[in-house]
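Report on the following structure.
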Amino acid sequence: SNKQIYVQLIDDLAGRTLAAASSKGIEEGTKTEIAAAVGEKIAQKALEAGINEVVFDRNGYLFHGRVKSLADAARKGGLKF
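First residue of the sequence shown? That's 261 in this note's numbering, and the numbers climb one at a time after it.
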């Protein structure tokens, strides 16, 4: 959405969400900085759940700005795509 950014790790075969993170509750920083914080948060949750490799589906959104910031932060946090 224009105000928040969300990310989920989904097991397509089982049809269930493994981990999720959003920008709700994060109020300081630019939208790009907030997206990076969400990327760090999802990487941490994924590693805690034993997930270290994912497929990044940006659902048609261009890979720049907030989406790129989130992905870069998740990679920096230890996720491999």
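Built from N, CA and C at the ideal position, the CB exists for glycine as well.
It should be emphasised that the depicted structure is a prediction, and the values quoted were computed from it without experimental measurement.
Contacts around residue i, its chain only, beta-carbon distance under 8 Å, and the 5 residues preceding and following it disregarded
i	result
Glu293	Ser329
Residue i: first and last residue of the uninterrupted beta strand (DSSP E) it sits in
i	result
Ala279	276-282
Cut-off 6 Å between Cβ atoms - residues of its own chain near residue i, not counting five sequence neighbours on either side
i	result
Ile286	Ile294, Ala297
Thr277	Gln268, Ile270
Gly338	Ala303, Leu307
Tyr266	Ser282
Spatial distance of residue i from residue j (CA atoms)
i	j	result
Asn262	Ser283	11 Å
Glu300	Asn312	13 Å
His324	Gly289	18 Å
Under the three-state DSSP convention, the category residue i falls into
i	result
Gln268	strand
Test: residue i CB closer than 8 Å to a CB of chain B
i	result
Ile265	This model lacks chain B altogether, as it is built from one protein chain only.
Sequence-distant residues of its chain with Cβ nearer than 7 Å to residue i (five each side left out)
i	result
Lys340	Asn312, Glu313
Ala309	Leu278, Ala279
Phe316	Ala331, Phe341
Beta-carbon separation (whole angstroms), residue i vs residue j, contact threshold 8 Å
i	j	result
Arg318	Val327	5 Å
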